[in-house]
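Visitor:
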Amino acid sequence: MSNLQFLVVEDELIIRKFMAQELAQYGRVFEADTEEKANQILGNIKPDMAFVDLNLSETQNFEGLNIIEKCKQADVPSVVLTGHQDQLIVDEAYKRGANHFFSKGDIASAEGLDSSITNFIKSLNKLEVDEFFVNEFITESESLKSKIQFLKSQVLNSRQNVLITGPSGSGKSKIAEYVHRLINPESEFVSKNLTEVSENLIESELFGHVKGAFTGATEDKIGLLEKADGGTLFLDEIGALPKSTQQKLLKVIEEKTFSPVGSVKAKKVSFNLITATCEDLFEKINNGDFRLDFYFRIKGIEVEMPALKERREDIIPLLNFFLSKNKKKISLADDAKKTLEKYDWHGNVRELMALSKELLGYSKGYISSEDLPQYIQENSNPLEKTKATNTDGFLSPRMWEYIEEKGMLDLIKKIEQESFAKAERLIGRKVNAMSKKLNISKTMYYRIEEEYDQAKKVVLQ
Amino acid sequence: MNKHEIENLIAKISMGWKLYKSSDDQEMINEIKKQILKLQTELEEK
Numbered sequence: 235m236s237n238l239q240f241l242v243v244e245d246e247l248i249i250r251k252f253m254a255q256e257l258a259q260y261g262r263v264f265e266a267d268t269e270e271k272a273n274q275i276l277g278n279i280k281p282d283m284a285f286v287d288l289n290l291s292e293t294q295n296f297e298g299l300n301i302i303e304k305c306k307q308a309d310v311p312s313v314v315l316t317g318h319q320d321q322l323i324v325d326e327a328y329k330r331g332a333n334h335f336f337s338k339g340d341i342a343s344a345e346g347l348d349s350s351i352t353n354f355i356k357s358l359n360k361l362e363v364d365e366f367f368v369n370e371f372i373t374e375s376e377s378l379k380s381k382i383q384f385l386k387s388q389v390l391n392s393r394q395n396v397l398i399t400g401p402s403g404s405g406k407s408k409i410a411e412y413v414h415r416l417i418n419p420e421s422e423f424v425s426k427n428l429t430e431v432s433e434n435l436i437e438s439e440l441f442g443h444v445k446g447a448f449t450g451a452t453e454d455k456i457g458l459l460e461k462a463d464g465g466t467l468f469l470d471e472i473g474a475l476p477k478s479t480q481q482k483l484l485k486v487i488e489e490k491t492f493s494p495v496g497s498v499k500a501k502k503v504s505f506n507l508i509t510a511t512c513e514d515l516f517e518k519i520n521n522g523d524f525r526l527d528f529y530f531r532i533k534g535i536e537v538e539m540p541a542l543k544e545r546r547e548d549i550i551p552l553l554n555f556f557l558s559k560n561k562k563k564i565s566l567a568d569d570a571k572k573t574l575e576k577y578d579w580h581g582n583v584r585e586l587m588a589l590s591k592e593l594l595g596y597s598k599g600y601i602s603s604e605d606l607p608q609y610i611q612e613n614s615n616p617l618e619k620t621k622a623t624n625t626d627g628f629l630s631p632r633m634w635e636y637i638e639e640k641g642m643l644d645l646i647k648k649i650e651q652e653s654f655a656k657a658e659r660l661i662g663r664k665v666n667a668m669s670k671k672l673n674i675s676k677t678m679y680y681r682i683e684e685e686y687d688q689a690k691k692v693v694l695q
Numbered sequence: 056m057n058k059h060e061i062e063n064l065i066a067k068i069s070m071g072w073k074l075y076k077s078s079d080d081q082e083m084i085n086e087i088k089k090q091i092l093k094l095q096t097e098l099e100e101k
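Here is the structure:
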C-alpha cells in the first residue's frame with residue numbers, strides 16, 4: 235500500500251490538506267488546486283488514483299469534469315469529490331469516466347477515508363476479473379460497468395435500501411440478484427413481481443395471514459416479509475403497490491415489525507430491501523399515486539439501468555452470449571449484425587434473448603439480414619403496431635401490413651379465399667355444408683368458388 | 056446558505072480542526088479561522 239501514488243485536485247485548502255494527510259499513510263500524494271496544475275501532474279506521472287473536486291472555482295464551471303476525462307484517457311481511476319448532491323453533475327462525471335464518488339461531508343464525518351479507500355482499492359482490483367461481467371452481465375459499456383462498480387462499493391460501504399430503475403427488460407432483476415449476493419449470499423433471496431399479484435391479495439402476499447382472516451383463508455400463510463427475514467426481499471414493479479400498502483410497508487421498514495393480516499400479534503423482521511420499477515415514480519407521486527415518504531425510504535441507493543438502444547455496443551456481444559448457451563452454432567453475417575445494431579429493441583435485453591431462441595429454431599446456421607424478422611429489418615416497434623391495430627378491433631399486425639400494402643378490399647378477398655380453402659379441406663367441396671360452415675348464402679358461395687377456382691388456375695398456369 | 060452548504064462548512068471546520076492539531080502552518084490556521092467565522096456569521100443571522 236505504501237507505494238501508491240495519489241492525485242488530489244481540490245481548490246479548498248482545508249479539504250485538500252486533510253485528504254493529503256489522510257492519504258499519506260497509503261503512499262505519496264500530489265496536490266493540485268487548479269485544472270492547469272492537475273494536467274501538469276498527469277503529464278508527468280500516472281497516479282494509482284485521483285480525487286477530483288468538480289468545481290475548482292467560484293464560477294460553477296465544473297472544471298473537474300475535464301480532469302476526470304483526462305484521468306480516463308490516462309487509465310487512472312478517478313473519484314469525484316463534491317459538496318453538491320446534484321445527481322446530474324455526478325451522472326455527468328460517471329459518463330466522463332469517474333469510478334467513484336465521495337461527498338465532502340462524508341469524508342470528515344466518517345471514520346476517515348480508511349474504510350472507503352480500502353474497499354475501493356479492493357473493488358478496483360476486482361474490476362477486470364469480476365466474473366459478473368463475464369458470466370452474467372454482458373456489457374462493453376465502460377460507463378455501465380463503472381455504474382455497477384459504484385453500486386457495488388456503495389452497497390459494500392453502507393447497508394441501505396436499493397432502488398433499481400429502468401425500462402422493462404433492461405436487467406433490473408439481474409442487478410437485484412447481484413446486490414443480494416454482495417450483501418449476504420448465504421441468505422434467502424425472496425423475489426416478487428407486484429404486477430403478478432391482484433390488489434386485494436397483495437397484503438396477504440406481503441404480510442401473510444392467519445386462518446379465518448378473510449373468506450378463503452382456510453389456513454395460516456407465511457408472507458414474503460417473513461420468508462425474507464435475515465435475507466433480501468426484492469419487490470419488482472414497486473409502482474404497482476397500492477398507496478395504503480405503501481404506508482404499511484413503510485412502517486415495517488421503519489419499525490422492523492409487522493402483523494399478518496387478521497392478527498394483532500407483532501412479529502420482528504429484518505431484511506435488505508431491493509425494489510425496482512420501470513415507471514416514473516415522481517410522476518406517480520405528482521399524480522398522487524405514490525407516497526413521497528415511501529419513495530425516500532426505498533431509494534437509499536438508486537441505480538438506473540439504461541435501455542439497450544442506449545448501449546448498442548452490447549447488442550451483438552449479448553446475442554452471441556445467449557446463442558453460445560446452446561450447442562447449435564449460429565453465425566451472424568455482417569449485414570445481420572448491422573441490422574440488429576440499428577434496431578431499437580423496445581423490449582430491451584429480454585427481447586434480444588427471445589430473438590436468440592427464435593434464431594436457434596431456424597434450420598440455418600448462418601443468419602443474414604434477410605433472415606431476421608421483418609420488424610427488425612424495418613426497425614419498427616411490433617408492440618406499437620399491435621397496440622395501434624388492436625384498438626380498432628381484431629386486426630393482427632400482419633393483416634394491417636397487408637392492408638397498408640394492398641388495400642382493405644384485397645385483404646377481404648384474401649380472407650374469403652383462405653376461409654373457402656380451409657372449409658374445403660375440412661369438409662370437402664359440398665355447397666350446403668360449406669355455406670353453412672362459412673355462414674354465407676349460396677349466391678355468395680358460388681361467387682367465392684368461381685374466384686377461388688380462377689385464382690387456382692392462374693397459379694397453375 | 057442552505058442546509059447542505061452549512062453541513063459542508065461544518066465538515067470543513069471538522070477537517071480543519073483535525074489538521075490544526077498536527078499543523079503549525081499559518082495559512083492553514085487562517086483558513087480555519089475564516090471558516091469558523093463564516094459559520095458564526097451564518098448562525099448569528101439565523
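Protein chains in written order, with the numbering used here: chain A, 235 to 695; chain B, 56 to 101.
Where is the CB? At the ideal position from N, CA and C, for every residue including glycine.
Here the structure is a predicted model, which means the values were calculated and not measured.
1. Pull up the CB-CB distance for Phe492 of chain A and Leu459 of chain A, whole angstroms please, since I reckon it's below 8 angstroms.
2. I need the boundaries of the alpha helix (DSSP H) containing Val665 of chain A, first residue and last residue.
3. Please classify Ala570 of chain A as buried or exposed, where buried requires at least 16 neighbouring CB atoms within 10 angstroms.
4. What is the rounded straight-line gap between the Cα of Leu247 of chain A and the Cα of Met83 of chain B?
5. Three-state secondary structure (DSSP) at Lys338 of chain A?
6. What do you get for Asp287 of chain A, buried or exposed, if any count of 16 or more other CB atoms within 10 angstroms of its CB means buried?
7. Just confirm the distance between the C-beta atoms of Phe556 of chain A and Met587 of chain A, as a whole number of angstroms; I'd bet it's less than 8 angstroms.
8. Quick check: Ile254 of chain A and Val243 of chain A, are their CB atoms within less than 8 angstroms of each other?
9. Based on DSSP bridge pairs, tell me the residues matched to Thr466 of chain A.
10. Any residues in the segment 252–279 of chain A with a beta carbon nearer than 7 angstroms to a beta carbon of chain B? Which ones, in chain order?
11. Terminal residues of the continuous beta strand (DSSP E) containing Val396 of chain A?
12. Going by DSSP, which residues form a beta bridge with Glu538 of chain A?
13. Using three-state DSSP, classify Ser478 of chain A as helix, strand or coil.
14. Could you check if Leu74 of chain B is buried or exposed, using at least 16 other CB atoms within 10 Å of its CB as the buried criterion?
15. Suppose the cutoff is 6 angstroms on Cβ atoms and the five residues either side in sequence are ignored; what does the same chain contact list for Glu684 of chain A look like?
16. Out of curiosity, what's the CA-to-CA distance linking Thr373 of chain A and Thr573 of chain A?
17. Quick check on the burial criterion: 16 or more other C-beta atoms within 10 angstroms. Buried or exposed for Glu97 of chain B?
18. Would you check if the distance between the CB atom of Asn582 of chain A and the CB atom of Ser404 of chain A is smaller than 8 angstroms?
19. For Gln90 of chain B, count the other beta carbons within 10 Å of its own beta carbon; 16 or more makes it buried, fewer makes it exposed. Which is it?
20. Classify Asn278 of chain A: buried if its beta carbon has 16 or more other beta carbons within 10 angstroms, exposed otherwise.
21. Distance, Cα to Cα, Asn63 of chain B vs Lys338 of chain A?
22. With distance defined between alpha-carbon atoms, name the residue in A:Ile249, A:Asn506, A:Lys562 and A:Leu299 nearest to Arg531 of chain A.
23. Name the residues in the segment 74–86 of chain B whose C-beta lies less than 9 angstroms from a C-beta of chain C; which are they?
24. So if DSSP puts Gly442 of chain A in a beta bridge, which residue, or which two residues, is it bridged to?
25. Which term fits Ile498 of chain A, buried or exposed, when burial requires 16 or more other beta carbons within 10 angstroms of its beta carbon?
26. Shorter than 8 angstroms from the beta carbon of Lys70 of chain B to some beta carbon of chain A?
27. With 16 as the cutoff for other CB atoms within 10 Å, does Asp470 of chain A come out buried or exposed?
28. Using a 10 Å radius around the Cβ and a threshold of 16 neighbouring Cβ atoms, would you call Asn333 of chain A buried or exposed?
29. How close, in whole Å, do the beta carbons of Gly465 of chain A and Asn418 of chain A come, if the pair is a contact with beta carbons under 8 angstroms?
30. Go ahead and pull the three-state DSSP assignment for Tyr577 of chain A.
31. Using a threshold of 8 angstroms, state whether the C-beta atoms of Asp578 of chain A and Asn613 of chain A are closer than that.
32. At 8 angstroms on the CB atoms, spell out the chain A contacts of Glu62 of chain B, in chain order.
Guide: A quick look at the data gives this:
1. Mapped onto the first sequence, residue 492 of chain A falls at position 258. Mapped onto the first sequence, residue 459 of chain A falls at position 225. 6 angstroms between Cβ atoms; contact.
2. Taking the first sequence and counting its residues from 1, the one referred to as residue 665 of chain A is at position 431. It spans Val665 to Leu672 - the alpha helix (DSSP H) in which Val665 of chain A sits, taken as one unbroken run.
3. Here residue 570 of chain A corresponds to residue number 336 of the first sequence, with the count starting at 1. The residue in question, Ala570 of chain A, is buried, as its Cβ has 16 or more Cβ neighbours within 10 Å.
4. What you label residue 247 of chain A is simply residue 13 of the first sequence in a count that begins at 1. What you label residue 83 of chain B is simply residue 28 of the second sequence in a count that begins at 1. The alpha-carbon atoms of Leu247 of chain A and Met83 of chain B are separated by roughly 7 angstroms.
5. What you label residue 338 of chain A is simply residue 104 of the first sequence in a count that begins at 1. In this structure, Lys338 of chain A counts as helix in the three-state DSSP scheme.
6. Numbered from its first residue, the first sequence carries residue 287 of chain A at position 53. Looking at its Cβ environment, which holds 16 or more other Cβ atoms inside 10 Å, Asp287 of chain A is buried.
7. Residue mapping note: residue 556 of chain A aligns to position 322 of the first sequence, counting from 1. Residue mapping note: residue 587 of chain A aligns to position 353 of the first sequence, counting from 1. About 5 angstroms; that satisfies the 8 angstroms criterion.
8. Sequence index remark: in the first sequence, residue 254 of chain A carries index 20 (1-based). Sequence index remark: in the first sequence, residue 243 of chain A carries index 9 (1-based). What sits at residue 254 of chain A in the sequence shown is Ala, not Ile. No; because the gap between Cβ atoms is not below 8 angstroms, this pair is not in contact.
9. Start at 1 with the first residue of the first sequence, and residue 466 of chain A comes out as number 232. DSSP output for Thr466 of chain A lists A:Phe423 and A:Asn506 as bridge partner(s).
10. Phe252 and Gln255
11. In the first sequence, counting from the first residue as 1, residue 396 of chain A sits at position 162. Val396 to Thr399 is the extent of the beta strand (DSSP E) around Val396 of chain A.
12. Indexing the first sequence from 1 puts residue 538 of chain A at position 304. Glu538 of chain A pairs with A:Thr399.
13. Walking along the first sequence from the start, residue 478 of chain A turns up at place 244. Reduced to three states, the DSSP call for Ser478 of chain A is helix.
14. As a working mapping, residue 74 of chain B is identified with position 19 in the second sequence. Leu74 of chain B is buried by the Cβ-count criterion.
15. Here the question's residue 684 of chain A lines up with position 450 in the first sequence. If we look at Glu684 of chain A and ignore the five residues flanking it on each side, it has no Cβ neighbours.
16. As a position in the first sequence, residue 373 of chain A is number 139, starting the count at 1. As a position in the first sequence, residue 573 of chain A is number 339, starting the count at 1. Thr373 of chain A and Thr573 of chain A: Cα-Cα distance of roughly 19 angstroms.
17. Counting from one through the second sequence, the residue named residue 97 of chain B turns up at place 42. Exposed is the call here.
18. If you number the first sequence from 1, residue 582 of chain A lands on position 348. If you number the first sequence from 1, residue 404 of chain A lands on position 170. Yes.
19. Against the second sequence, residue 90 of chain B aligns to sequence position 35. By the 10 Å Cβ count, Gln90 of chain B comes out buried.
20. Stepping through the first sequence from its first residue, residue 278 of chain A is reached at position 44. With fewer than 16 Cβ atoms within 10 Å of its Cβ, Asn278 of chain A is classed as exposed.
21. For the purposes of this step, residue 63 of chain B is taken as residue 8 along the second sequence, with counting starting at 1. For the purposes of this step, residue 338 of chain A is taken as residue 104 along the first sequence, with counting starting at 1. Near 7 angstroms, if we compare the C-alpha coordinates of Lys338 of chain A and Asn63 of chain B.
22. Here residue 531 of chain A corresponds to residue number 297 of the first sequence, with the count starting at 1. The shortest Cα separation from Arg531 of chain A among A:Ile249, A:Asn506, A:Lys562 and A:Leu299 belongs to A:Asn506.
23. As a matter of chain content, chain C is missing from the structure shown, whose protein chains are A and B.
24. Locating residue 442 of chain A in the first sequence gives position 208, counting from the first residue. Paired residue(s): A:Ile456.
25. Walking along the first sequence from the start, residue 498 of chain A turns up at place 264. According to the sequence provided, residue 498 of chain A is Val. The question's Ile does not apply to it. So Val498 of chain A ends up on the exposed side.
26. Numbered from its first residue, the second sequence carries residue 70 of chain B at position 15. According to the sequence displayed, residue 70 of chain B carries Met and not Lys. Yes, because at least one Cβ of chain A sits closer than 8 angstroms to the Cβ of Met70 of chain B.
27. Looking up residue 470 of chain A in the first sequence gives position 236. The residue in question, Asp470 of chain A, is buried, as its Cβ has 16 or more Cβ neighbours within 10 Å.
28. In the first sequence, the residue the question calls residue 333 of chain A occupies position 99. Result: buried.
29. Within the first sequence, numbered from 1, the residue matching residue 465 of chain A stands at position 231. Within the first sequence, numbered from 1, the residue matching residue 418 of chain A stands at position 184. Confirmed, about 6 angstroms.
30. Start at 1 with the first residue of the first sequence, and residue 577 of chain A comes out as number 343. In the structure shown, Tyr577 of chain A sits in coil (DSSP, three-state: anything other than H, G, I, E or B).
31. Residue 578 of chain A sits at position 344 when you count from the first residue of the first sequence. Residue 613 of chain A sits at position 379 when you count from the first residue of the first sequence. Contact flag set, yes.
32. On the second sequence, residue 62 of chain B is found 7 positions in, with the first residue counted as 1. In chain order: Gly339.
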